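Asker: Please see the structure below; I have some questions.
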Amino acid sequence: MTTETQSGRARPEAIKAVPVRHPGRWVAIAVLAVLAAMFLHLVLTNDRFNWRFIFVTMGEGKRGAMFTGPVLEGLRGTLLLTVVAMLIGVGLGIVLAIMRLSTNPVLSGVAFVYTWVFRAVPRLVLAILFGNLGILWERIGLGLPFDRQIGNLFGIHDLNAQFYSIKATDLLSGFLAGALALGLSEAAYMAEIVRAGIQSVDEGQSEAAAALGLARGQVLRRIVLPQAMRVIVPPTGNETIAMVKDTSLVAFVPVSFELFFQLQAISSRTFIVLPVLIAACLWYLIICSVLMVVQFFVERHFSRGYGTAGKARMRLSGLSAEQGGGAVPTSGPGGAGA
Amino acid sequence: MTDEMVRADNVHKSFGSLEVLKGIDLVVKQGEVSCVLGPSGSGKSTFLRCINHLEKINAGRIFVDGDLIGYRERGGKLHELKEREVAAQRRAIGMVFQRFNLFPHMTVLQNVMEAPCRVKRESKSEVRDRAVALLDRVGLGEKKDSYPAQLSGGQQQRVAIARALAMRPKLMLFDEPTSALDPELVGEVLDVMKDLARDGMTMIVVTHEIGFAREVGDSLIFMDGGVVVEQGPPREVIGNPQQERTKAFLSKVL
Ligand SMILES: Nc1ncnc2c1ncn2[C@@H]1O[C@H](COP(=O)(O)OP(=O)(O)OP(=O)(O)O)[C@@H](O)[C@H]1O
Ligand SMILES: [Mg+2]
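Going down the list, the sequences are from chains A and B.
Read the first sequence against the UniProt record's numbering and you will find it ends at 338, with the numbers running on by one and no gaps.
Read the second sequence against the UniProt record's numbering and you will find it ends at 254, with the numbers running on by one and no gaps.
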């Protein structure tokens, strides 16, 4: 009935309303434009910034501070440290998260204590501590645990059942100590992130997979973790970017194979401070920009199958940004299959 | 003996101090469709989940096709089966859930292929052919490259049925497969189930669809408070219930 009457009527004229004016927005833009102009003026005209020193040359026949050999070496070190520390962090973090969620109280207890300790200790302290672990043990080796004590028990002094050992200071000095300090600390944070991710996956998923006859490991690898990744990736991007910056802490291990150390070395040699700091900022900015691009693609990869929900969320964020915050709660599809 | 697909002997199950199943006895013969009816909280889902060992029972025995589920009896003692052996038992038992539980990060075809590819180590092209045939059978051949979120509820549930069938189960368990669906989508799922029943699949179906039970079911079980109150041929139980509790329940749903 209703459709008949509606289709019988002519289509009304399309709405052409005068949009709401936002005078406040224009004022804000004007203020920001002036501030930006002032900033640019300051940066370009004040020669204490010494852009030439940063980009072109530090002196006769030398490259700019950002591009000298040692700084580029340091950059390589920073990137390598980030990669190694994040690999340790993510790998160990996943293991810890799985342990934490295990029904075995010993495993979950150990994971809890690990997270507790490594989140409590500042990374800087950890870096220095790892640099000094050589004080505790002279040699670190692989072999029968407690070999000395067992030997003493049977009256053999100096029993040595180590297959392989190395002087602690060789192993722990420098790069490895730094990477371990950062990676082990990172693992504690990653464990919490991964745990949240795993717990965000509907229990019906692992149940359905188990009912199909998949083994527990397969359920985790094929069904739960890929879905958890949607929750895990964004904070992991945060962690990676934070890690890039935290690598500067290994200067205290001490490790010199690192970006900030090398830049600082320049400023202590030349007594030119500000341009060197700016060069450091620029490098960190560049690295983080690249990482953000990587994160974008990783996120897109793991949101396969969530097309509609993902788009709805983007529309929502666009909307709330326009309205100056105030997110609108919607009853969007919380998860497919629910 | 061999034509008994499912045999439950005095099955008990508790969650903490709450006893949910209080001695369930049930026999479902090869090729039979057994419908389970009962009020909310009567333990229907729990019982289904015990059959494929998603829940461990506290007492009694469940056999599927002659195999004791979850345990091995040796020297008068029960030994828990290893995880691998439990998984192997589950492969013979398909399960369809009220909330579909499709894997949202995989396409429809990947959903159907996942378990046979991982578990049976069959050749991929073989599994693929079978998956496509199954999707055609449930009327979704064209949707094989869609993601679950792009399908309607009825379509998702049909994919879930195809996914379970891909493991070539001997027994299918359905836990209120149409309860989460809009009324106009219920029929398409029931049609697939009727088709399965005609093909001789042994099925246990928890449902509130009395019409389905009457038309397709070989037996109907009415559960309440963790016990089987009444069972028999659907027409008899529905048309002429003997127990007060059955009468009271049926008067509400009919
Ligand atoms: N994992 C669990 N832990 C504790 N109690 C549970 C658990 N699962 C089910 N129960 C309880 O067991 C009882 C039976 O639940 P069950 O899901 O089997 O009922 P049902 O007959 O399927 O009901 P419905 O028709 O609502 O699906 C309920 O009281 C429920 O609260
Ligand atoms: Mg139920």
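The C-beta atom is built at its ideal place from N, Cα and C for all residues, glycine as well.
Only a predicted model underlies this, so the values are computations on that prediction, with no experimental measurement involved.
#1: Got a sec, what are the start and stop residues for the beta strand (DSSP E) PHE222 of chain B sits in?
#2: Would you check if the segment 87 to 100 of chain A and the segment 143 to 150 of chain A touch, i.e. whether three or more CB-CB distances between them fall below 8 Å?
#3: Is the Cβ of LEU107 of chain A closer than 7 Å to any Cβ of chain B?
#4: Among residues of its own chain, excluding the 5 on either side of VAL219 of chain A, which ones have a beta-carbon nearer than 7 Å to its beta-carbon?
#5: Does the beta-carbon of ARG269 of chain A have 16 or more other beta-carbons within 10 angstroms, so that it is buried, or is it exposed?
#6: Give every residue of the same chain whose Cβ lies closer than 8 Å to the Cβ of PRO234 of chain A, excluding the five residues on either side of it in the sequence, and list them in chain order.
#7: Is ARG221 of chain A close to chain B, meaning its C-beta is less than 7 Å from at least one C-beta of that chain?
#8: Relative to ligand 2, is the shortest distance from any of its heavy atoms to the C-beta of SER45 of chain B smaller than 6 Å?
#9: Against GLN218 of chain A, what residues of chain B qualify as contacts under a CB-to-CB distance less than 7 Å, listed in chain order?
#10: Starting from ARG100 of chain A, find everything on chain B with Cβ-Cβ shorter than 8 Å and list it in chain order.
#11: Here's the rule: buried if 16 or more other CB atoms are within 10 angstroms of the residue's CB, otherwise exposed. What is THR78 of chain A?
#12: My output table needs one value for ALA17 of chain A: the three-state DSSP class, helix, strand or coil.
#13: Can you look up ALA309 of chain A in the DSSP assignment and give me helix, strand or coil?
#14: Whole angstroms is fine: what's the gap from LEU263 of chain A's alpha carbon to GLU60 of chain A's?
#15: Just checking, does the segment 108 to 115 of chain B make contact with the segment 155 to 171 of chain B on the three C-beta pairs under 8 Å criterion?
#16: Quick one: does the C-beta of PHE296 of chain A sit closer than 6 Å to a heavy atom of ligand 1?
#17: Is the number of C-beta pairs between the segment 187 to 194 of chain A and the segment 86 to 96 of chain A that are closer than 8 Å three or more?
#18: Are the CB atoms of LEU220 of chain B and CYS35 of chain B nearer to each other than 7 Å?
#19: So, is the C-beta of GLY155 of chain A closer than 7 Å to a C-beta in chain B?
#20: With three or more beta-carbon pairs closer than 8 Å as the criterion, would you say the segment 7 to 27 of chain B touches the segment 181 to 197 of chain B?
#21: How should GLY38 of chain B be labelled, buried or exposed, when 16 other C-beta atoms within 10 angstroms of its C-beta is the threshold for buried?
#22: Look at the Cβ atom of ALA87 of chain B, then the Cβ atom of GLY204 of chain A, and state whether they are nearer than 7 Å.
#23: Looking at the structure shown, is GLY38 of chain B part of a helix, part of a strand, or coil, going by DSSP?
#24: GLY41 of chain B: beta carbon under 6 Å from a heavy atom of ligand 1?
#25: For a test of the three-state rule: what should DSSP assign to THR240 of chain A, helix, strand or coil?
#26: Taking only runs of the alpha helix (DSSP H) that begin and end inside the segment 169 to 240 of chain A, which ones reach a length of at least 4 residues, in chain order?
#27: Say yes only if the C-beta of VAL255 of chain A is nearer than 6 Å to one or more non-hydrogen atoms of ligand 1, and no if none qualify.
#28: Within 10 Å of its beta-carbon, does VAL96 of chain B have 16 or more other beta-carbons around it, so buried, or fewer, so exposed?
#29: Run through the DSSP bridge pairs and tell me what GLU230 of chain B is partnered with.
Answerer: Let me lay it out:
#1: What you label residue 222 of chain B is simply residue 222 of the second sequence in a count that begins at 1. Taken as a continuous stretch (DSSP letters only), the beta strand (DSSP E) holding PHE222 of chain B covers 219 to 224.
#2: In this structure the segment 143 to 150 of chain A does not touch the segment 87 to 100 of chain A; the number of beta carbon pairs closer than 8 Å is below three.
#3: Taking the first sequence and counting its residues from 1, the one referred to as residue 107 of chain A is at position 107. So, not an interface residue.
#4: The residue labelled residue 219 of chain A in the question sits at position 219 within the first sequence. Closer than 7 Å at Cβ, skipping near neighbours: SER206, ALA209 and ALA210.
#5: Looking up residue 269 of chain A in the first sequence gives position 269. The residue in question, ARG269 of chain A, is exposed, as its Cβ has fewer than 16 Cβ neighbours within 10 Å.
#6: Indexing the first sequence from 1 puts residue 234 of chain A at position 234. For PRO234 of chain A, where only same-chain residues beyond five positions count, the Cβ hits under 8 Å are GLN295 and GLU299.
#7: Position 221 of the first sequence, counted from the start, is the residue given in the question as residue 221 of chain A. ARG221 of chain A has a beta carbon lying at 7 Å or more from every beta carbon in chain B.
#8: The residue given as residue 45 of chain B occupies position 45 in the second sequence. Distances from the CB of SER45 of chain B to the heavy atoms of ligand 2 include at least one below 6 Å.
#9: For this step, residue 218 of chain A is matched to residue 218 along the first sequence. Correct list: ARG118.
#10: Along the first sequence, one-based indexing puts residue 100 of chain A at 100. At a beta-carbon threshold of 8 Å, none of the residues of chain B lie near ARG100 of chain A; the nearest stands roughly 20 Å away.
#11: Sequence index remark: in the first sequence, residue 78 of chain A carries index 78 (1-based). The residue in question, THR78 of chain A, is buried, as its Cβ has 16 or more Cβ neighbours within 10 Å.
#12: Numbered from 1 along the first sequence, position 17 holds the residue referred to as residue 17 of chain A. The three-state reading of DSSP puts ALA17 of chain A in coil, since its state is none of H, G, I, E or B.
#13: Within the first sequence, numbered from 1, the residue matching residue 309 of chain A stands at position 309. A caution first: ALA309 of chain A carries a pLDDT of 49, below 50, which makes its placement in the model unreliable, though a value can still be read off. ALA309 of chain A falls in the helix class under three-state DSSP.
#14: Residue 263 of chain A sits at position 263 when you count from the first residue of the first sequence. Residue 60 of chain A sits at position 60 when you count from the first residue of the first sequence. In a straight line, the C-alpha of LEU263 of chain A is about 18 Å away from that of GLU60 of chain A.
#15: yes
#16: Stepping through the first sequence from its first residue, residue 296 of chain A is reached at position 296. Result no, Cβ not under 6 Å from ligand 1.
#17: yes
#18: Here residue 220 of chain B refers to the residue found at position 220 of the second sequence. Here residue 35 of chain B refers to the residue found at position 35 of the second sequence. Closer than 7 Å, so yes.
#19: Walking along the first sequence from the start, residue 155 of chain A turns up at place 155. No, GLY155 of chain A lies away from the interface with chain B (no Cβ there is under 7 Å from its Cβ).
#20: no
#21: Residue mapping note: residue 38 of chain B aligns to position 38 of the second sequence, counting from 1. That one is buried.
#22: As a position in the second sequence, residue 87 of chain B is number 87, starting the count at 1. As a position in the first sequence, residue 204 of chain A is number 204, starting the count at 1. Contact: no.
#23: Locating residue 38 of chain B in the second sequence gives position 38, counting from the first residue. Looking at GLY38 of chain B - three-state DSSP - the assignment turns out to be coil, as it is neither helix nor strand.
#24: Position 41 of the second sequence, counted from the first residue, corresponds to residue 41 of chain B. The nearest non-hydrogen atom of ligand 1 is less than 6 Å from the C-beta of GLY41 of chain B.
#25: Working through the first sequence from its first residue, we reach residue 240 of chain A at position 240. It is helical.
#26: Correct list: 175 to 200 and 203 to 211.
#27: Locating residue 255 of chain A in the first sequence gives position 255, where the first residue counts as 1. It does not: the Cβ of VAL255 of chain A is nowhere closer than 6 Å to a heavy atom of ligand 1.
#28: By one-based count along the second sequence, residue 96 of chain B stands at place 96. So VAL96 of chain B counts as buried.
#29: Counting from one through the second sequence, the residue named residue 230 of chain B turns up at place 230. In the DSSP output, where bridge partners are listed per residue, GLU230 of chain B has B:PHE222.
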